[in-house]
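Have a look at the structure below, then the notes.
There are 2 protein chains.
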Amino acid sequence: MSRQKEVILDVLRKVRTHPTADEILLMARRRVPALALGTVYRNLKLLCDEKKVRRIPMEDAPDRYDGFTEPHDHLICLDCGKVYDVPSLQTKEALEAKLGAKVSGYEMKVYFVCPNCQREE
Amino acid sequence: MSRQKEVILDVLRKVRTHPTADEILLMARRRVPALALGTVYRNLKLLCDEKKVRRIPMEDAPDRYDGFTEPHDHLICLDCGKVYDVPSLQTKEALEAKLGAKVSGYEMKVYFVCPNCQREE
DNA sequence: AATAGAAATGATAATCATTCCTATATCATG
DNA sequence: CATGATATAGGAATGATTATCATTTCTATT
Numbered sequence: 001m002s003r004q005k006e007v008i009l010d011v012l013r014k015v016r017t018h019p020t021a022d023e024i025l026l027m028a029r030r031r032v033p034a035l036a037l038g039t040v041y042r043n044l045k046l047l048c049d050e051k052k053v054r055r056i057p058m059e060d061a062p063d064r065y066d067g068f069t070e071p072h073d074h075l076i077c078l079d080c081g082k083v084y085d086v087p088s089l090q091t092k093e094a095l096e097a098k099l100g101a102k103v104s105g106y107e108m109k110v111y112f113v114c115p116n117c118q119r120e121e
Numbered sequence: 122m123s124r125q126k127e128v129i130l131d132v133l134r135k136v137r138t139h140p141t142a143d144e145i146l147l148m149a150r151r152r153v154p155a156l157a158l159g160t161v162y163r164n165l166k167l168l169c170d171e172k173k174v175r176r177i178p179m180e181d182a183p184d185r186y187d188g189f190t191e192p193h194d195h196l197i198c199l200d201c202g203k204v205y206d207v208p209s210l211q212t213k214e215a216l217e218a219k220l221g222a223k224v225s226g227y228e229m230k231v232y233f234v235c236p237n238c239q240r241e242e
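Protein chains in written order, with the working numbering: chain A, 1 to 121; chain B, 122 to 242.
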C-alpha cells in the first residue's frame, strides 16, 4: 500500500461527507502535497476493487466516495446535494424472492429535501 | 410538439429496449433524416420534464431512456447490459415510514446476470 | 550498500457523453 | 408578406474520468 493510497483511504475514513475525487485530492494534499488527481482516481478504483471503499455514482454530478463499506443506502438532498447514510432498505434475499432470480447486488438512492434546505424555502 | 419531438417520443414508445440517445437518433432518422444528436438530447430532456419519458442513468455507460412512465424499476444484466422492467420494488410510503422523512422519489437498480449470459458461462 | 526489476507516481493528453452556441429554417399570426 | 417567436442542425465546448508514459520509488537479493 503506497503512501498515497494509504492517505486517500485514511482521509475517506475520517469523514462522513462522501467527498468527490476533487475534494479527496484537496484533503489528501495536506499530507502529500504533490498528489495528482489521476493518482486519486487510480487508487479509488483499486480501493473499490478491494472493497475498502464504495463509489456512489451520482446522476448529475461527480461521483462520490464512501470509506464505510458496511451495507447501507444513501439519502440525497435534491437542493444542496448532501448525502446521508441510512440503514439498508433492501436485502438481496428479499429482492431474489420478489424477482425469482439470483441477484448480484443493488444500488438504491432516495431523494428528499433536507431539513436545512426545507427551512430556507 | 415539433415533428422531431413527436418522432422521438413515438420511437421510445414502440420499443422496450431502453435505448441510448445515440440509438434513438438512429431509429428516429429513418423518419427525420436530418435529425441532430443535440436535438435528441434537448427533446429527451423536455419529455422527461413533461413526465412522458424517463431517463435511466447508467453508472458506467451512456444513459438510457424509457418511454413507459408507469412506476417500475429496472433489472440490469452485468454482462450484456440489457435492461429489464420489473414491478416497483418500493413505495414512497414505505420509504417514508422507514426513514421518518418526506421523500421526493427513489432510484433503484438491481443487478444480475441474465439467463442468456448465464448460459454462455 | 549496490542494483535490477517491478510497481506506482505526476503530468499531460485523450476520451466520450452531454451541453452550449449560433446562424438558419419553420411556423403562426396580424 | 413581414414579423416575431421558437426549434433546428451542426459544430464547438465542457468536464469528469481514463490512458499514457517518462520518471521515481520500493523491494528483495546479492
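All C-beta atoms in this analysis are idealised placements derived from N, C-alpha and C, irrespective of residue type, glycine included. This one's a predicted model, so the numbers in the text were calculated from it and none came from an experiment.
Could you check if residue i is buried or exposed, using at least 16 other CB atoms within 10 Å of its CB as the buried criterion?
{"i": "residue 221 of chain B", "result": "exposed"}
{"i": "residue 116 of chain A", "result": "exposed"}
{"i": "residue 49 of chain A", "result": "exposed"}
{"i": "residue 33 of chain A", "result": "exposed"}
{"i": "residue 122 of chain B", "result": "exposed"}
With a cut-off of 9 Å, does the C-beta of residue i fall near any C-beta of chain B?
{"i": "residue 70 of chain A", "result": "no"}
{"i": "residue 104 of chain A", "result": "yes"}
{"i": "residue 62 of chain A", "result": "no"}
{"i": "residue 107 of chain A", "result": "yes"}
{"i": "residue 4 of chain A", "result": "no"}
{"i": "residue 89 of chain A", "result": "yes"}
Hey, out of the options, whose CA is closest to residue i's CA?
{"i": "residue 197 of chain B", "options": "B:211, B:207, B:189 and B:188", "result": "B:207"}
{"i": "residue 205 of chain B", "options": "B:213, B:218, B:187 and B:215", "result": "B:187"}
{"i": "residue 213 of chain B", "options": "B:179, B:228 and B:151", "result": "B:228"}
{"i": "residue 138 of chain B", "options": "B:218, B:180 and B:203", "result": "B:203"}
Hey, is residue i's beta-carbon within less than 9 Å of any beta-carbon in chain A?
{"i": "residue 232 of chain B", "result": "yes"}
{"i": "residue 172 of chain B", "result": "no"}
{"i": "residue 203 of chain B", "result": "no"}
{"i": "residue 178 of chain B", "result": "yes"}
In its own chain, which residues sit with a C-beta less than 6 Å from the C-beta of residue i, not counting the 5 before and 5 after it?
{"i": "residue 200 of chain B", "result": "234 and 238"}
{"i": "residue 183 of chain B", "result": "141"}
By Cβ distance, which residues of its chain are closer than 7 Å to residue i, with the 5 residues on each side in sequence left out?
{"i": "residue 173 of chain B", "result": "130 and 190"}
{"i": "residue 209 of chain B", "result": "192, 193 and 194"}
{"i": "residue 146 of chain B", "result": "156, 158 and 161"}
Excluding the 5 residues flanking residue i on each side, which residues of the same chain have their C-beta closer than 8 Å to its C-beta?
{"i": "residue 57 of chain A", "result": "63 and 107"}
{"i": "residue 3 of chain A", "result": "32"}
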